[in-house]
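Residue numbers (my numbering), protein chains in the order written: chain C, 432 to 543; chain F, 432 to 543.
Number of protein chains: 2
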Amino acid sequence: MGYKIKSRIWIESENNVLLGEGRVHLLKAINDTGSLSKAAKSLNISYKKAWQLLDSVNKSAKKPVTINSIGGKGGGGAELTEYGKSLIKAFDEINKNCWAFLDEQLSKIEQL
Amino acid sequence: MGYKIKSRIWIESENNVLLGEGRVHLLKAINDTGSLSKAAKSLNISYKKAWQLLDSVNKSAKKPVTINSIGGKGGGGAELTEYGKSLIKAFDEINKNCWAFLDEQLSKIEQL
DNA sequence: AATCGTTATATTTGGTAGGGTATAACGAAA
DNA sequence: TTTCGTTATACCCTACCAAATATAACGATT
Numbered sequence: 432m433g434y435k436i437k438s439r440i441w442i443e444s445e446n447n448v449l450l451g452e453g454r455v456h457l458l459k460a461i462n463d464t465g466s467l468s469k470a471a472k473s474l475n476i477s478y479k480k481a482w483q484l485l486d487s488v489n490k491s492a493k494k495p496v497t498i499n500s501i502g503g504k505g506g507g508g509a510e511l512t513e514y515g516k517s518l519i520k521a522f523d524e525i526n527k528n529c530w531a532f533l534d535e536q537l538s539k540i541e542q543l
Numbered sequence: 432m433g434y435k436i437k438s439r440i441w442i443e444s445e446n447n448v449l450l451g452e453g454r455v456h457l458l459k460a461i462n463d464t465g466s467l468s469k470a471a472k473s474l475n476i477s478y479k480k481a482w483q484l485l486d487s488v489n490k491s492a493k494k495p496v497t498i499n500s501i502g503g504k505g506g507g508g509a510e511l512t513e514y515g516k517s518l519i520k521a522f523d524e525i526n527k528n529c530w531a532f533l534d535e536q537l538s539k540i541e542q543l
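The following block contains the structure:
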């Protein structure tokens, strides 16, 4: 008893990562803040890292996940597309299902 | 189309890792070779890393996973206990089941 | 007691992923 | 045309982790 089973899942498209937990966190933060730089701050990661993550997400997705605007009112910003929002939702669902599935499987170890 | 879902699972006991894919590979190699140093060579990892992995496995397991002998015929060696063998088997099973489960879940992303 | 190939461990060396910093480009609004 | 806070990108630099190296300890066999 006392064992825990943990997991990391991610989705790839031809050797680029589309979505993982970090990327999903970032997308949620973008949705909350309306900008990539604010999202980076709220997650305590550098803007550079956040930008690299978001860039790779948008490059490997079939449709745009965010719309980024440079300049203009407030300097610009980033917001999720409907596709982006649905991706987050689907990923979270899969992740939760996976946890539940694995928790049940763990008994195979504990009963040894 | 074209998306792949990948996963890493591991089992912890009070914040130490008991088993993960790397550790399972190592245990299998120990089983095949009869020694930790040979196992490390066959996996192209340093002996040190292999030793650290094995040490942490044995420290976090309830019962010994390997029996290591120093000195003696052939200098010593390491071999899996029955408990160790059953751990490997259970982990592999869980992992395979997880892959199958996730592959089926992936449709949630692909149909978006 | 000498040999051997291990396990076990400390110390040093090196490669690289990531952070820090700087700056260009941008466009709406005043 | 100036200001502003963004997005976007290049460059250096360092902190960390992993690898390499060295060496002690060990015990069956001869």
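Here a beta-carbon is modelled for each residue, glycine too, at the ideal position from N, C-alpha and C.
As the structure is a computational prediction, the values presented were derived from the model and not from experiment.
Nearest to residue i by alpha carbon, out of the options?
i	options	result
S491 of chain F	F:K480, F:I540, F:K469, F:G515	F:G515
L467 of chain C	C:I525, C:E513, C:I498, C:N528	C:I498
S444 of chain F	F:E535, F:K493, F:L474, F:I525	F:K493
L543 of chain C	F:G502, F:G507, F:V496, F:G503	F:V496
R439 of chain C	F:E541, F:N526, F:E535	F:N526
N447 of chain C	C:H456, C:L458, C:L485	C:L485
E535 of chain C	F:N462, F:L457, F:N528, F:D534	F:N528
E452 of chain F	F:F532, F:L533, F:K520	F:K520
E513 of chain F	F:K504, F:I476, F:L458	F:L458
I442 of chain F	C:K437, C:I442, C:W441	C:K437
How many Å lie between residue i and residue j at the Cα?
i	j	result
S538 of chain F	S538 of chain C	27 Å
Q483 of chain C	R454 of chain C	10 Å
Y478 of chain F	A509 of chain C	48 Å
L511 of chain F	W530 of chain C	29 Å
G506 of chain F	K435 of chain C	37 Å
L450 of chain C	K469 of chain F	38 Å
F522 of chain C	K472 of chain C	23 Å
S500 of chain C	G465 of chain C	11 Å
L474 of chain F	N489 of chain F	19 Å
G544 of chain F	S487 of chain C	Residue 544 of chain F lies beyond the stretch modelled for chain F, which goes from 432 to 543, so this question has no answer here.
I540 of chain C	L518 of chain F	7 Å
I461 of chain C	A481 of chain C	10 Å
G502 of chain C	H456 of chain C	25 Å
I476 of chain C	D463 of chain C	16 Å
F532 of chain F	E524 of chain C	13 Å
What residue range does the beta strand (DSSP E) around residue i cover?
i	result
G389 of chain C	The question about residue 389 of chain C has no answer here: the residues shown for chain C are numbered 432 through 543.
Name the two residues that bound the continuous alpha helix (DSSP H) containing residue i.
i	result
K539 of chain C	538 to 541
Practice problem: List in chain order: all unbroken alpha helix (DSSP H) runs of 4+ residues lying wholly within the region 442 to 492 of chain F. | Solution: 452 to 464, 467 to 474, 478 to 491
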